[in-house]
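Numbering (this note's numbering), first residue to last: 112 to 341.
All C-beta atoms in this analysis are idealised placements derived from N, C-alpha and C, irrespective of residue type, glycine included.
Contents: one structure, followed by commentary.
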Amino acid sequence: MSSLRPSHLAREHGISTQAVRNYERDGFLPPAERTPSGYRVYTERHAAALRAYLALVTAHGHAPAGTIMTAVNAGDVDRALTVIADAHTRFLRDRDTLDQVRRAIGALTAQPEPTGISGIRSIGELAYRLRLGPATLRSWERAGILVPARDRATGHRVFRATDVRDAELAHLLRRGGYPLGHIATVVAQVRTAGGTGELAAALHGLHQALTARGRAMLRAAARLDAYLEG
């Protein structure tokens, strides 16, 4: 198997040689052998690992990509596949959220209650569903993104299915980089089904971003499979 210098791996991706060394140190690449003088010796397997890791970063983000590669390099492929499956679940949920909002725009009425989520009643349950902290949802409420009703007897928040839809949309938009003020406007437009031009533009951008993410996930899967096959 031919040997490669860190510069060879770095040059392919336009990154620094120190980045390559750091990725090895963090377990994203398999350990490299050393020459008697202490220089690292990389191989095509390291090159394949680096391609897989960087493709996974594009598709899933730095933290999940790191978890996937460290799991694979530790021999725990099941752990890596679980992380990937979770990412696909979030991807499908984002697509479903977009579909729900499009239906709301098309009907120009308030979104009918989605099925299967009417049992969520507390802020803790909603936070668990979205994998967020309750404090984040409270900040969204202060921003006007969420407007849950209150139980007259207890004063506790009551999250209806439409509130869950609004929270899902807010979560999607936050991952798209939108500020809270903009999200509040968009969610209000969905809630009232009026003035949807800005919302339609935002959703078009999000649809393109989701398509790009889906393509990136495919490329990352191919790179990871090639590394596993090696």
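{"Item": "By DSSP's criteria, Tyr153 is part of a beta bridge. Which residues make up the other side?", "Value": "Leu115"}
{"Item": "At the level of alpha carbons, what is the spacing between Thr193 and Ala174?", "Value": "14 Å"}
{"Item": "I need the DSSP call for Arg232, collapsed to helix, strand or coil.", "Value": "coil"}
{"Item": "With His171 and Ala198 assumed to form a contact (beta carbons below 8 Å), what rounded beta-carbon distance in angstroms separates them?", "Value": "5 Å"}
{"Item": "Give me the DSSP bridge partner(s) of Glu144.", "Value": "Val152"}
{"Item": "Quick one: is Ala260 buried, meaning 16 or more other Cβ sit within 10 Å of its Cβ, or exposed?", "Value": "exposed"}
{"Item": "Let me know the alpha helix (DSSP H) ranges lying completely inside the region 262 to 316, each 4 residues or longer, listed in chain order.", "Value": "272 to 286, 291 to 303"}
{"Item": "Per DSSP, Ala163 is paired with what?", "Value": "Ala163 is not bridged to any residue."}
{"Item": "Within the chosen definition, does the region 142 to 154 reach the region 320 to 328 through at least 3 CB pairs nearer than 8 Å?", "Value": "no"}
{"Item": "Exposed or buried, which one is Gln129 when buried takes at least 16 other CB atoms within 10 Å?", "Value": "exposed"}
{"Item": "Mapping DSSP to helix, strand and coil, what is Ala254?", "Value": "coil"}
{"Item": "What's the gap between the Cα of Gly227 and the Cα of Arg249?", "Value": "Note that Gly227 scores a pLDDT of 46, beneath 50, so its modelled location is shaky; the value from the coordinates is reported in the next line. If I take the Cα positions, the gap works out to 23 Å."}
{"Item": "If you draw a straight line from the alpha carbon of Glu123 to that of Arg330, how long is it in whole angstroms?", "Value": "17 Å"}
{"Item": "In or out: Arg268 buried (at least 16 other Cβ within 10 Å) or exposed?", "Value": "buried"}
{"Item": "Thinking just about the alpha-carbon of each residue, which of Arg116, Arg285, Leu257 is nearest to the one in Arg151?", "Value": "Arg116"}
{"Item": "Give me whichever residues DSSP pairs with Ala323 in a beta bridge.", "Value": "BP columns for Ala323 are empty, so no partner."}
{"Item": "Could you give the first and the last residue of the continuous alpha helix (DSSP H) run that contains Pro175?", "Value": "173 to 184"}
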